[in-house]
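Student: Note that the sequence shown covers residues 938 to 1503 in my numbering.
Glycine included, C-beta positions come from ideal geometry on N, C-alpha and C.
Sending over a structure as structure tokens; questions will come in a sec.
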Amino acid sequence: MLWVPDWPVVAALAGAGLDAHVPAAVLGARSGGGAGAGHSVVAVSAVARAQGVRRGMRRRQAQERCPEVALLPADDARDAREFEPVALAAETVVAGLEVARPGLLLLPAGGAARYHGSELALAQALAGAVAARTGHECQVGVADGLLAAVLAAREDAVVPTGGSAAFLADRPVGELVHAVCDPAGVAAVREAAGLWWRLGLHTLGDLAALPAPSVQARFGDLGTWAQRLARGEDLRPPARRRVEEDLAVAEELDPPALRVDVATFAARRLATALHDLLAARGLACGRLRITARTAGADLGGDDVGAGEGAVLERVWRTDDAAAGGMSAARITDRVRWQLEGWLTAASARRGSDADPVVAPIAHLALAAEDVVPATTHQPGLWGADAGEGERARRALGRVQGLLGGHAVLTVELQGGRGPRDRVRLVPFGTEGGAGRDPDRPWPGALPSPAPAGLPDEPVPARVLDAAGRDVVVDARLAMSGEPATVVCGREPGRAGGDGAAESRDATGVRDLATVTGWAGPWPLAERWWAADGGARRVYLQAVLDDGRALLLAQSGGTWQVEAIYD
């Protein structure tokens, strides 16, 4: 295994044109979060890590630890595109490599180690080639089995032949997540690892010691996948069916494609065709081979260059058990990433003497390798792979076709300080880009978590203390009293009256509700230098006795309900 540490950050810095010494972190959507769930840190550079930034932190926490940290968005296509030069550099030392995921390469070590003299010499040659051709530092690990090799690469170690089981035995069962090649399978592996931990299987040795038939019966293919890795075995049994001829699809591109979006149209058709072939035969593939022939290439040639008349080829490893099988969309993603690595990255290097120029792609082919019976790899009755998302998109597309493009809107996050400033409506199916950049710093922004709902318009309100007097916040943020009651909408007849206590307004909050907890106030002054004084308001969070929480804002001496926490 060849591993480039913190690859998402390395790729993001390269894509943004920033130096490696800049503290940086990559933000991705938090697990289980929707559009309003915010983002957390999914990868950290060594410089930012030294200043206390850690994976899993929210944006605000990372900025508190390191105010100068560069927060960059997660982008799978960028990671794959920037990783292609690393794969090309490793290929000058070892042929027949596989991309496990961007940042991680799987290479056959047997023959190459004999050629170089030892596994250690092979590791040194790989690290030197990557450093010389790309400038990136990498670590190399050698071991029997996928998981052992991944963990060995993280320690820059060589595990002796036959020693993988002992090398893995005392490691936490959660280490299995490092062997997942498809991001879609990470959540399933983490959930299974949490279950095994609660059942008393704390280490990989505990999982490896269980009878294989019992693991298969209780946990299905995911359990079998995990146990084989925990035992230090190959991901699949040694005897595998060879790929059949009809499980390869190809298409001639006329005219040849030089742009990624044009080639992706053909890739999508090929991915669907290959997926249909696999599904019709009840099969799943463990590896996806992507082959492209540039304009002027000879079908029988063996040229592997990147210029005119070249044949480009790359193998991607898939997680058939961990991710529930390769869908057409997942196949398309990998082909698109690889096309960007061949076309976009080469275009950026155009004019360099050290790197050839990619000619337009005239032929594209996909082949399924390591073909096995799909067994339980069927779409779920519910969840991410059940197809309900695709059905919903098709239905919305039909409605949009009937009513017009601007008749169906979706919410897009943008930069802002208040909850109403951070969302905007855009036509369904279109990319935004015109909104405010959410990755820029927004001093004074409302802290996480974000409210769950926004009324169509702010609802007038009053905040009363225990004596029934209005609570007022002065210029020094001093409150005239502690909030005891919130009055929404209309004026109640009497504080605590039975009729008002059960009445609710359009926000779903009672007109008269008792405050059981509160936090704040937080001031916000925007454009204070403007001639009109800008916008000045104070935020207050209040928990009500009916189980809800409100975000209240005072401006000009009056309160209003800005948002509702669920």
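How is residue 1296 classed by DSSP in three states: helix, strand or coil?
Tutor: Looking up residue 1296 in the sequence shown gives position 359. DSSP places residue 1296 in coil when its eight states are reduced to three.
Student: Does DSSP put residue 1255 in a helix, in a strand, or in coil?
Tutor: Counting from 1 along the sequence shown, the entry for residue 1255 is found at position 318. Note: residue 1255 maps to coil in three-state DSSP.
Student: At which residue ranges does the region 986-1038 contain complete beta strand (DSSP E) runs of 3 or more residues, listed in the order of the chain?
Tutor: If we require 3 residues or more, the beta strand (DSSP E) runs fully inside the region 986-1038 come out as 1007-1010 and 1035-1038.
Student: Here's the rule I'm using: 16 or more other beta-carbon atoms within 10 Å means buried, otherwise exposed. How should residue 1336 be labelled?
Tutor: Working through the sequence shown from its first residue, we reach residue 1336 at position 399. So residue 1336 ends up on the exposed side.
Student: Only counting runs of 3 or more residues, tell me where the beta strand (DSSP E) segments fall wholly within the region 1183-1237, in order along the chain.
Tutor: Segments of the beta strand (DSSP E) lying fully in the region 1183-1237: 1185-1194 and 1220-1231.
Student: With burial defined as no fewer than 16 other Cβ atoms inside 10 Å of the residue's Cβ, what is the status of residue 1413: buried or exposed?
Tutor: Residue 1413 sits at position 476 when you count from the first residue of the sequence shown. Exposed.
Student: Skipping 5 residues on each side, what residues in its chain have a beta carbon closer than 6 angstroms to that of residue 1512?
Tutor: In the structure displayed, the chain extends from 938 to 1503; residue 1512 sits before or after that span and is not available.
Student: With DSSP as the reference, please indicate the residues paired to residue 1455 in a beta bridge.
Tutor: Residue numbering aside, residue 1455 sits at position 518 when the sequence shown is read from its first letter. According to DSSP, which records beta bridges pairwise, residue 1455 is partnered with 1479.
Student: Terminal residues of the continuous beta strand (DSSP E) containing residue 1351?
Tutor: As a first step, residue 1351 must be located in the sequence shown, where it is residue number 414. Note, residue 1351: premise wrong, no beta strand (DSSP E); not H, not E.
Student: Note down the Cα distance separating residue 1224 from residue 1002, rounded to an integer number of angstroms.
Tutor: For this step, residue 1224 is matched to residue 287 along the sequence shown. For this step, residue 1002 is matched to residue 65 along the sequence shown. So the two alpha carbons sit approximately 41 angstroms from each other.
Student: What are the boundary residues of the alpha helix (DSSP H) that residue 1150 is part of?
Tutor: For the purposes of this step, residue 1150 is taken as residue 213 along the sequence shown, with counting starting at 1. Residues 1149-1167.
Student: What's the C-alpha gap between residue 1477 and residue 1425?
Tutor: The residue you call residue 1477 lines up with position 540 of the sequence shown. The residue you call residue 1425 lines up with position 488 of the sequence shown. One C-alpha to the other measures close to 15 angstroms.
Student: Give me the Cβ distance between residue 1500 and residue 1388, rounded to the nearest whole Å; I'm assuming they're in contact under 8 angstroms.
Tutor: Counted from its first residue, the sequence shown places residue 1500 at position 563. Counted from its first residue, the sequence shown places residue 1388 at position 451. Indeed they touch by this definition, with Cβ atoms about 3 angstroms apart.
Student: Do the CB positions of residue 1130 and residue 1110 come within less than 9 angstroms of each other?
Tutor: By 1-based counting over the sequence shown, the position of residue 1130 is 193. By 1-based counting over the sequence shown, the position of residue 1110 is 173. Taking 9 angstroms as the Cβ cut-off, residue 1130 and residue 1110 qualify as a contacting pair.
Student: In or out: residue 1260 buried (at least 16 other Cβ within 10 Å) or exposed?
Tutor: Within the sequence shown, residue 1260 is the residue found at index 323, counting from 1. Its pLDDT being 45, under 50, residue 1260 is placed unreliably by the model, and the measurement read from it follows with that caveat. Burial call: buried.
Student: Provide the residue(s) that pair with residue 1390 in DSSP beta bridges, ordered along the chain.
Tutor: Walking along the sequence shown from the start, residue 1390 turns up at place 453. BP columns for residue 1390 point to 1501.
Student: Look at the Cβ atom of residue 1113, then the Cβ atom of residue 1141, and state whether they are nearer than 9 angstroms.
Tutor: The residue given as residue 1113 occupies position 176 in the sequence shown. The residue given as residue 1141 occupies position 204 in the sequence shown. It is a contact, given that the beta carbons lie within the stated cut-off.
Student: By the 10 Å Cβ neighbour count, where 16 or more other Cβ atoms means buried, how is residue 1101 classified, buried or exposed?
Tutor: Within the sequence shown, numbered from 1, the residue matching residue 1101 stands at position 164. Per the 10 Å Cβ criterion, buried.
Student: Identify the residues that DSSP records as bridge partners of residue 1495: which are they?
Tutor: Along the sequence shown, read from residue 1 onward, the residue named residue 1495 stands at position 558. Per DSSP, 1492.
Student: Going by DSSP in three states, residue 944 sits in which element: helix, strand or coil?
Tutor: Position 7 of the sequence shown holds residue 944. Of the three classes helix, strand and coil, the one that applies to residue 944 here is helix, per DSSP.
Student: Considering only C-alpha positions, which residue in the set 985, 1057, 1073 and 1051 is nearest to residue 948?
Tutor: Position 11 of the sequence shown holds residue 948. Cα-wise, what sits closest to residue 948 is 1073.
Student: Using a Cβ distance threshold of 8 angstroms, determine whether the region 949-961 contacts the region 977-991, with at least three qualifying pairs required.
Tutor: The region 949-961 vs the region 977-991: in contact.
Student: Are the beta-carbon atoms belonging to residue 1008 and residue 1000 less than 9 angstroms from one another?
Tutor: Against the sequence shown, residue 1008 aligns to sequence position 71. Against the sequence shown, residue 1000 aligns to sequence position 63. Yes.
Student: Does the beta-carbon distance from residue 1011 to residue 950 come in below 9 angstroms?
Tutor: Here the question's residue 1011 lines up with position 74 in the sequence shown. Here the question's residue 950 lines up with position 13 in the sequence shown. No. Outside cutoff.
Student: From 1254, 1454 and 1340, pick the residue whose C-alpha is nearest to that of residue 1402; which is it?
Tutor: Position 465 of the sequence shown, counted from the start, is the residue given in the question as residue 1402. Closest option to residue 1402, Cα to Cα, is 1454.
Student: With 16 other CB atoms within 10 Å as the buried threshold, where does residue 1198 fall?
Tutor: What you label residue 1198 is simply residue 261 of the sequence shown in a count that begins at 1. The residue in question, residue 1198, is exposed, as its Cβ has fewer than 16 Cβ neighbours within 10 Å.
Student: Pull the bridge partners of residue 1077 from the DSSP assignment, please.
Tutor: Against the sequence shown, residue 1077 aligns to sequence position 140. Partner(s): 939.
Student: Tell me which residue opens and which closes the alpha helix (DSSP H) that residue 1068 is part of.
Tutor: To locate residue 1068, count along the sequence shown from 1; it is residue 131. Element bounds for residue 1068: 1056-1071.
Student: Which first and last residues belong to the alpha helix (DSSP H) in which residue 1141 is found?
Tutor: As a working mapping, residue 1141 is identified with position 204 in the sequence shown. Counting along the chain, the alpha helix (DSSP H) containing residue 1141 begins and ends at 1141-1145.
Student: Using a threshold of 9 angstroms, state whether the C-beta atoms of residue 946 and residue 962 are closer than that.
Tutor: The residue labelled residue 946 in the question sits at position 9 within the sequence shown. The residue labelled residue 962 in the question sits at position 25 within the sequence shown. Yes. Within cutoff.
Student: For residue 938 and residue 1486, I'd like the C-alpha separation in whole angstroms.
Tutor: Translated into positions along the sequence shown, residue 938 becomes position 1. Translated into positions along the sequence shown, residue 1486 becomes position 549. So the two alpha carbons sit approximately 50 angstroms from each other.
Student: Would you mind giving the Cβ-Cβ distance between residue 1077 and residue 1093, rounded to the nearest angstrom? I have them listed as a contact below 8 angstroms.
Tutor: As a position in the sequence shown, residue 1077 is number 140, starting the count at 1. As a position in the sequence shown, residue 1093 is number 156, starting the count at 1. The Cβ separation is near 7 angstroms, so the contact holds.
Student: So residue 1051 is in the alpha helix (DSSP H); what residue range does that whole segment cover?
Tutor: Here residue 1051 refers to the residue found at position 114 of the sequence shown. Element bounds for residue 1051: 1047-1053.
Student: Contact check, residue 1167 vs residue 1145 under 8 angstroms by CB: the rounded distance?
Tutor: Along the sequence shown, one-based indexing puts residue 1167 at 230. Along the sequence shown, one-based indexing puts residue 1145 at 208. Indeed, because the Cβ distance is near 4 angstroms, the residues count as touching under 8 angstroms.
Student: Let me know if residue 1020 comes out buried or exposed under the rule of 16 or more other beta-carbons within 10 Å of its beta-carbon.
Tutor: Here the question's residue 1020 lines up with position 83 in the sequence shown. Classification for residue 1020: buried.
Student: Ordered along the chain, which non-local residues of its own chain (more than five positions away) have a Cβ less than 7 angstroms from that of residue 1444?
Tutor: Here residue 1444 is taken as the residue at index 507 of the sequence shown, counted from 1. Bear in mind that a pLDDT of 48 at residue 1444, under 50, signals an unreliable position, so the model cannot answer this.
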